[in-house]
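Residue numbers (my numbering): 352 to 926.
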């Protein structure tokens, strides 16, 4: 029933009724109609005609929507194939053969962490490995990119790019949660990305609305807003040009302050009682240590007109999101590529001075055009890349180490701090005590300011820092606090099953025969050590490992093994 005030004639077993609807309130009142057969027939005929027309219209709309979805799927499939074609052409030029596909357990962990920020459960691993469906990896990608976990993960990742690194220490930093919630809702509805960026850059009002937290976190300062906008949405570093002209840089001081001028009339108030953003009638920027006023000016002339109306932020947004402007599509594609493959086609991802800097310029150009032509469909872009052969490759090659930007193998990626915190929280759900949100908050505080950038730490260092500076891993692996260990103490769980479930729960794979043998030896000699845990990226794991070599030993070997797995380099990596 529509929520507008209306009168609809209905028929039911008790006779004719008139259904009044006004806003959200409905009242059904029986009426004493003239029940002549002729009148009833006329009403029934009119209603039948209306319902027929409604069904026809809805059916047509549904058919159009289905056709659009099917067309997008075909385009996505063709683009995935094109990505692999361009990558493999360059491999042949370099005389490299692509590695084979990774095993199913590795792909499942990789896809879950990259697309939703969370690891799979042990049961999900077993089910996926046992599934013999030909297209199960494609279906997994579709399922993950549409999941609430993916929307939340993308929101956290984008917020980490947009907010300053010290925003978590801001006394009003909890207001930043509004931005993350706003982003999550936009990703959930799959709002076209250019519209999302536009809505963000012209936002006004309280930070409770979400996007204005971007301006408040950067103190409303034109220079900070210009630098961050250029980095995140244009893939351009302008920081050096703030103070001087660099002799070897394309961007000059006038360019930086011309961009900053678009934010000169932003007022961002942040007090204990209020945080809001408005546009002022006046406001200019001047080059530091001079009296030179700089007018708003786009970084480049893209041939787009119509920049003379609206607020300055609206003018900037029209330029940035215009189809003629390559910056937004190119920067977004490069960042998404880096999320999935561990590095951008241009590095750093926020310093894309020229398309020719890319390891694969033609690939970046075609992907950018594809992204824009799909109406900036971010979900489709992510799925397209995750369905390539390149994304599903093993991290190992028969010829040993290969050049990383050849993409002959998949890179072993350190977990971002966000992924690491979520992975620890995933195990922490099985702790007797705090709920998931409380546990995640604890882990994030122990990890420091939560940022989505990939860790530069070497293997195992991040986990070691958590162990040294917090008690989270110790808490996770104590028999008196770990529900996982308590569950493993069930009568039907022999030692081999316990070992298997520990690997499934932490590393999302089954142990190999060599690992079972090494751990069994440690248990027998009561000298269990972390060195018995493989440091591989799970590509050589056997999904059907089966052995009776596990023998009775230390009463706390399960706790020791859990601690070792949580501290292993493999736990801190995406395979």
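Backbone N, C-alpha and C fix where the C-beta goes; we use that ideal spot for every residue, glycine too.
{"query": "Span separating the alpha-carbon of residue 566 from that of residue 626", "result": "10 angstroms"}
{"query": "Inter-residue Cα distance where the pair is residue 459 and residue 471", "result": "7 angstroms"}
{"query": "Outcome for residue 637 when other beta-carbon atoms lying within 10 angstroms are tallied against a minimum of 16", "result": "exposed"}
{"query": "Cβ separation of residue 761 and residue 750, assumed to be a contact under 8 angstroms, to the nearest whole Å", "result": "Contact doesn't hold; Cβ gap of about 15 angstroms is too wide."}
{"query": "Contact the segment 763-770 vs the segment 703-719: 3+ CB pairs below 8 angstroms", "result": "no"}
{"query": "Boundaries (first-last residue) of the beta strand (DSSP E) holding residue 627", "result": "626-630"}
{"query": "Residue environment, residue 436, which counts as buried when at least 16 other CB atoms sit within 10 Å", "result": "exposed"}
{"query": "Validate contact between the segment 638-646 and the segment 671-682 using beta carbons, cut 8 angstroms, 3 pairs", "result": "no"}
{"query": "For residue 850 and residue 912, believed in contact at Cβ under 8 angstroms, the rounded distance", "result": "7 angstroms"}
{"query": "Residue 681 classed as buried or exposed, judged by whether at least 16 other C-beta atoms fall within 10 angstroms", "result": "buried"}
{"query": "Beta-carbon proximity list for residue 687, same chain, < 7 angstroms, skipping 5 on both sides", "result": "732, 733 and 736"}
{"query": "Residue 714 beta carbon near the ligand FMN (any heavy atom closer than 7 angstroms)", "result": "Absence of the ligand FMN is noted for the structure shown, with no ligands found whatsoever."}
{"query": "Residue environment, residue 910, which counts as buried when at least 16 other CB atoms sit within 10 Å", "result": "buried"}
{"query": "Straight-line gap, residue 498 to residue 404 (C-alpha atoms, nearest Å)", "result": "35 angstroms"}
{"query": "Residue interval of the alpha helix (DSSP H) (run including residue 618)", "result": "That residue, residue 618, is in no alpha helix (DSSP H); its beta strand (DSSP E) goes 617-621."}
{"query": "Buried versus exposed, by CB contacts within 10 Å (16 or more), residue 873", "result": "buried"}
{"query": "Between the CA atoms of residue 559 and residue 488 - distance to the nearest angstrom", "result": "39 angstroms"}
{"query": "Cβ-based neighbour list, residue 620, same chain, cut-off 7 angstroms, excluding 5 preceding and 5 following", "result": "626 and 627"}
{"query": "Among 711, 570 and 551, nearest to residue 562 - alpha-carbon criterion", "result": "551"}
{"query": "Three CB pairs or more closer than 8 angstroms across the segment 601-617 and the segment 566-579", "result": "yes"}
{"query": "Alpha-carbon spacing of residue 914 relative to residue 857, whole angstroms", "result": "10 angstroms"}
{"query": "Ranges of the alpha helix (DSSP H) found wholly within the segment 655-709, counting only runs of at least 4", "result": "663-671 and 678-692"}
{"query": "Alpha-carbon to alpha-carbon, residue 493 and residue 430", "result": "16 angstroms"}
{"query": "One or two residues paired with residue 330 in a DSSP bridge", "result": "This structure leaves residue 330 out entirely; the chain is present only between 352 and 926."}
{"query": "Residue 609 - containing alpha helix (DSSP H), residue span", "result": "604-611"}
{"query": "Alpha helix (DSSP H) runs contained entirely in the segment 439-491, provided each spans 4 or more residues", "result": "455-467 and 473-481"}
{"query": "Inter-residue CB distance, residue 502 and residue 538 (contact presumed, cutoff 8 angstroms)", "result": "4 angstroms"}
{"query": "Three-way DSSP call (helix, strand, coil) for residue 924 in this model", "result": "strand"}
{"query": "Contact check, residue 759 vs residue 442, beta carbons under 8 angstroms", "result": "yes"}
{"query": "Opening and closing residue of the alpha helix (DSSP H) in which residue 565 lies", "result": "564-568"}
{"query": "Residue span of the alpha helix (DSSP H) that contains residue 754, given as start and end", "result": "Careful: residue 754 lies outside any alpha helix (DSSP H) and carries neither H nor E."}
{"query": "Residue 764 - DSSP class collapsed to helix/strand/coil", "result": "strand"}
{"query": "Where residue 410 falls, given that 16 or more other Cβ within 10 Å makes a residue buried", "result": "exposed"}
{"query": "Contacting residues, own chain, Cβ-Cβ under 6 angstroms from residue 784 (five flanking each side not counted)", "result": "Residue confidence for residue 784 is low, a pLDDT of 43 falling below 50, so the modelled location carries little weight; the figure read from the coordinates is stated next. Taken in chain order, the list of residues that qualify is empty."}
{"query": "DSSP three-state assignment for residue 557, whether helix, strand or coil", "result": "strand"}
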